[in-house]
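The letter at position 434 of the sequence shown is residue 434 when you use the UniProt record's numbering, and the numbering goes up by one with no holes.
A short write-up of the structure that comes next.
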Amino acid sequence: MALSLGWHIILACFGVAFPAIIFAMHLRGIVKQDQVALGLAKRWGKASAVLFAIGAVSGTVLSFEMGLLWPGLMGTFGDVLGLPFAFEGLAFFLEAIFLGIYLYGWGRMPQKLLLLMVVPMAITGVIGTYCVLAVNAWMNAPVGFDIVGGEVVDIEPWAVLFNQHAFLAFAHMWLAAYMVAGFSIAAVYAAGMLKGRRDRHHRLGFMVPFAFATIAALAQPVAGHFLGHDLAERQPAKLAAFEFADETADGATPLTIGGIYIDGEVKWAIEIPYLSSIASLNSFTEPVPGLDQFDEADEPPVNFTHYAFQTMIGIGFLLLGAVLLFWFMRRRKVDLLQNRWFLRFAAVSGLLAVTAMEAGWIATEVGRQPWIVYGVMRTTEAAADHSGALWGVYGASVLLYGGMSIGAIVILRSMARRWRDGAADLPSPYGPRSPLADPDATVRDSTVRDCGDELEDAR
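Okay, structure coming up:
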């Protein structure tokens, strides 16, 4: 499940953020009569279709895994979680419909009407992701049911969707999606500029997604702070693992960087006084609850959780510093897109954003352990016992995701190469062929008509 979710969550980021980035580029093309911007929007639409198709496969696998791997969870709480999953499926199909219209509408619809097709794509992508995040938020802060005599009763499915924690978790993930998509798209054009392709096409292709990533990077620390603010009350053991608080201090808890947790004690760590209490509790005096308050059976894997959390924080602030430097230097009339060192960093910024997002997801999920539904159901109670068959399923999953990864890379690189070689357009799969996609089509059609007229006259 970790492999499947960790792979799928990257595609989900593009499903959330890519439509809005395409919309901005397409809108610029219409307003400014900018053919370069329109060309980029069209290319990005085709690239998003590739990612969407692969995401459809991985999402289907996840649907099966929810039932096959977690019968204890779905058998007990299926009625609680059914509504958000149903809405997610509906949103997915609507997004597919409007993506198809957008792809096949080029050359057949007015540009302003075609632009509007991106709006439902963006909305449904957000709704679908919110529904999934609502389920995950519910697992961290369960609401909407009672347990009487071991049975789940008084179910309120809407409570899962409108859980306050769901809004905060989605805000954090929504911004992470824009960081992943924005930095990843910008990285493609940064790599191109490193190879000497510094035309307007590459500069514009870098600037628009980089602007989206900048806004997300600036807002992310605020969203993360609000999400983690009540963690001391909601999941204190997770917070203790995040902060490496081995003991409950008499006063403010210091921020711990590095180190290792061995035999109930943190060793070889760097401590910054007060900072953990300030960041987690908004207090200069209140301590973060320590791991000494919990039974060992109720503690998450402390080292793993701590380093995943610090990886997310560290990379997040690194990317934040990079965007601040870029725009500061730009105001001072210094173009960092002419600087090879900055371009090298920008070329790996997408990978860094993905790493930070994955680390944050690991910190959230592993930090909740040993609970799958916090305080209600343990992970061992939810998991199926497949014995030896589990390794076969895992091996098949590795082959599937490995094959899809290789396929995505090959297809996207092939598309990029053909565009660089001068292809004005690439045909959309299973779509009707547009005259604009084939400059010779009009000539051929005219020739066929002329030949037909000559044959008729001869007859």
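Ideal Cβ positions, reconstructed from N, Cα and C, are used throughout, including at glycine.
Pick out whichever of A91, A37, L69 has its Cα sitting closest to the Cα of A12.
-> It is A91 whose Cα lies nearest to the Cα of A12.
Beta carbon of V152, beta carbon of F145: below 8 angstroms?
-> Closer than 8 angstroms, so yes.
Distance, R200 Cα to Q35 Cα | So the alpha carbons of these two residues sit roughly 11 angstroms apart.
Mapping DSSP to helix, strand and coil, what is G375?
-> Assignment of G375 by DSSP, reduced to helix, strand and coil, places it in the coil class.
Would Y130 pass as a contact of F170 if the rule is Cβ separation under 8 angstroms?
-> Yes, the Cβ-Cβ distance between Y130 and F170 is below 8 angstroms.
Mind checking T380: buried by the 16 CB within 10 Å criterion, or exposed?
-> By the neighbour-count rule (16 or more Cβ atoms within 10 Å), T380 is not buried but exposed.
What residue ranges within the stretch 80 to 125 form continuous alpha helix (DSSP H) runs of no fewer than 4 residues, ordered along the chain?
-> Listed in chain order, the complete alpha helix (DSSP H) runs (minimum 4 residues) inside the stretch 80 to 125 are 111 to 116.
Outcome for Q220 when other beta-carbon atoms lying within 10 angstroms are tallied against a minimum of 16 = Under this definition Q220 is a buried residue.
Kindly indicate which residue of F244, I272, D263 has the alpha-carbon position closest to the one of P254.
-> The shortest CA-to-CA distance from P254 to any of F244, I272, D263 is the one to I272.
Grab me the residues of K112's own chain with a C-beta within less than 8 angstroms of its C-beta, minus the 5 sequence neighbours each way, in chain order.
-> Apart from sequence neighbours up to five positions away, the residues of its chain that approach K112 with a beta-carbon distance below 8 angstroms are I30, ordered along the chain.
In the stretch 214 to 249, which residue ranges form an unbroken alpha helix (DSSP H) of at least 4 residues, counting only runs that do not cross its ends?
-> Within the stretch 214 to 249, the complete alpha helix (DSSP H) runs of at least 4 residues are 231 to 234, 236 to 243.
How long is the line joining the alpha carbons of V222 and A279, rounded to whole angstroms?
-> A direct Cα-to-Cα measurement between V222 and A279 gives close to 11 angstroms.
Span of the beta strand (DSSP E) around E151 = First-last of the beta strand (DSSP E) with E151: 151 to 153.
So is A56 buried or exposed if we call it buried at 16+ other beta carbons inside 10 Å?
-> Label assigned to A56: exposed.
Is the CB-CB distance between V366 and P300 below 8 angstroms?
-> Yes; because the gap between Cβ atoms is below 8 angstroms, this pair is in contact.
Please list, in chain order, all residues of the same chain as G350 whose beta carbon is under 6 angstroms from its beta carbon, the five residues on each side excluded.
-> The residues are F183, S184, A187.
Which value, in whole angstroms, describes the spacing of the CA atoms of L319 and T256?
-> Between L319 and T256, the C-alpha separation is close to 21 angstroms.
Do the stretch 289 to 309 and the stretch 359 to 379 meet, that is, are 3 or more Cβ pairs less than 8 angstroms apart?
-> At 8 angstroms Cβ cutoff, the stretches touch.
Relative to the alpha-carbon of A20, which residue among L116, F77, V266 has its alpha-carbon at the smallest distance?
-> In terms of Cα proximity to A20, the closest of L116, F77, V266 is L116.
State yes or no: is the C-beta of M121 within less than 8 angstroms of the C-beta of L337?
-> The answer is no: Cβ separation not under 8 angstroms.
DSSP three-state call for A441: helix, strand or coil?
-> Interpretation of A441 is limited by its pLDDT of 42, a score under 50 that renders its predicted location unreliable; the figure taken from the coordinates is listed afterwards. If DSSP states are grouped into helix, strand and coil, A441 belongs with the helices.
Taking 8 angstroms as the cut-off, decide whether the C-beta atoms of A245 and A17 are in contact.
-> For A245 and A17, no; Cβs fall outside 8 angstroms.
Check the C-beta distance from M1 over to L51 and give it rounded, since I have them as a contact under 8 angstroms.
-> Contact check for M1 and L51: beta-carbon distance about 21 angstroms, past the 8 angstroms limit, so the pair fails to qualify.
Return the CA-CA distance between T364 and L412, expressed in angstroms with no decimal places.
-> Cα to Cα, T364 sits roughly 32 angstroms from L412.
Helix, strand or coil for G290 per DSSP?
-> Per DSSP, reduced to three states, the secondary structure at G290 is coil, with no helix or strand assignment.
Buried or exposed for G402, please, with buried defined as at least 16 other CB atoms from any protein chain shown within 10 angstroms of its CB.
-> For G402, the number of other beta carbons within 10 angstroms of its own is below 16, and it is reported as exposed.
Got a sec: is the Cβ-Cβ distance from F87 to anything in chain D below 8 angstroms?
-> This model lacks chain D altogether; it includes just one protein chain.
8 angstroms Cβ cutoff met for K46 and L103 | A contact, by the Cβ cut-off of 8 angstroms.
When you compare only the Cα positions, how much space is there between L27 and W341?
-> Using only the alpha carbons, I get a separation of about 32 angstroms.
DSSP puts D199 in a beta bridge; with which residues?
-> DSSP output for D199 lists no bridge partner at all.
If you follow the beta strand (DSSP E) that T253 is part of, which residue opens it and which one closes it?
-> T253 -> no beta strand (DSSP E), and no H or E assigned at all.
Compare the beta carbon distance of T124 and L81 with 8 angstroms and say whether it is the shorter of the two.
-> No. Outside cutoff.
Could you say which of K195, A237, F85 lies nearest to R420 if we only look at CA atoms?
-> Out of K195, A237, F85, K195 has the C-alpha closest to the C-alpha of R420.
So, using beta-carbon positions, are A137 and N163 closer together than 8 angstroms?
-> Their beta carbons are under 8 angstroms apart, which means A137 touches N163 by this criterion.
Skipping 5 residues on each side, what residues in its chain have a beta carbon closer than 7 angstroms to that of R234?
-> So the list reads A141, once near-sequence residues are dropped.
Neighbourhood of M25 by C-beta, 6 angstroms cutoff - its chain only, sequence neighbours within 5 removed = Excluding positions up to five away in sequence, the list reads A37, L40, A41, V208.
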